[in-house]
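Everything below concerns the one structure shown next.
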Amino acid sequence: MKKQGRFILVSLVLTQLLGCVSNLWTGASLVYDRHNVYKKLDDYNLAAVAHHVLFDDKVFKQPGCYLDLAVFNNDLLLAGHVPTDALREVAANRLRKLGGYREFFNQVAVKQDKHNALQDTWITTMIRTQMFADAEINPKEFKIITVDGIVYLMGDVIPEQAERVIAISRQTRGVVRVVKLLNYYNLSDTPKPGKH
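Following UniProt numbering, the numbering of the sequence shown begins with 1 at its first residue and continues without gaps.
What follows is the structure in structure tokens.
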């Protein structure tokens, strides 16, 4: 009985120490990766303002409306479905007036449908799990949003990683379609003249 107690105690202590190490690592990455932190703060602020502008009143709280708002690398995605064209336009116009984003993607469908949040969450989780398992993919460069079985991929990425993520997404069970909202860049071994 004492051995089991010691084992449990040692396990708890080690778990707590691992938590401390992880916090130190996170703190160090914040110090050395300030640019990324500023980008995330900009995204967070834009998302908060956009959410307020879109959902300040009860227009989209009616049955048949489901809207998902995502901001990544200063790109703004509005996805989901509403029952009428008029509601689709109201949502888009509110966000267009907002400004402060690089690109606005209006992916709202007009249809009468219920949203299956559990299925969409499962799809996103499966894709992200496969991305983390692939050593050739940097998962921090991608944002994945799933609405009504449609997977939206956002990010500023290199083409090779994007193709891997697109393939993973297409092969995931339950995916209806994959929408690529990606900006591509290439890594070059040779610097361009005049740019150092």
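Backbone N, C-alpha and C fix where the C-beta goes; we use that ideal spot for every residue, glycine too.
Beta-carbon to beta-carbon, LEU181 and LEU153 are separated by about 6 Å, close enough to satisfy the 8 Å threshold. Residue environment for ASP148: buried (at least 16 other C-beta atoms within 10 angstroms of its C-beta). Membership of VAL157 in any alpha helix (DSSP H) is not indicated; the residue belongs instead to the beta strand (DSSP E) covering 150 to 157.
Exposed is the label assigned to LEU41, since fewer than 16 other Cβ atoms lie within 10 Å of its Cβ. VAL59 is the residue among PHE105, VAL59, LEU69 whose C-alpha sits nearest the C-alpha of THR84. Under a 10 Å Cβ-count criterion, VAL37 is classified as exposed, with fewer than 16 other Cβ atoms of the shown protein chains found around its own Cβ. Pairwise C-beta distances place the region 111 to 123 out of contact with the region 132 to 141, as fewer than three of them are shorter than 8 Å. For the 9 Å CB-CB criterion, TYR101 and ASP120 do not form a contact.
In this structure, DSSP gives ALA109 an extended state, which the three-state scheme calls strand. Boundaries of the beta strand (DSSP E) around ILE145: 143 to 147. Put simply, of PHE72, ASP57, CYS65 the residue whose alpha carbon is nearest the alpha carbon of ASN45 is PHE72. For THR172, the number of other beta carbons within 10 angstroms of its own is at least 16, and it is reported as buried.
DSSP places ALA91 inside the alpha helix (DSSP H), whose first and last residues are 85 to 98.
The beta carbon of ALA92 sits closer than 6 Å to those of ASN106, all from its chain and outside the five residues before and after it, given in chain order. Residue pairing by DSSP leaves LYS140 without any beta bridge partner. In this structure, ALA50 sits near LEU98, with a CB-CB distance shorter than 9 Å.
For ARG177, the enclosing beta strand (DSSP E) has its first and last residue at 177 to 184. Note on TYR184: under 16 other CB atoms within 10 angstroms of its CB, so exposed under the neighbour-count rule.
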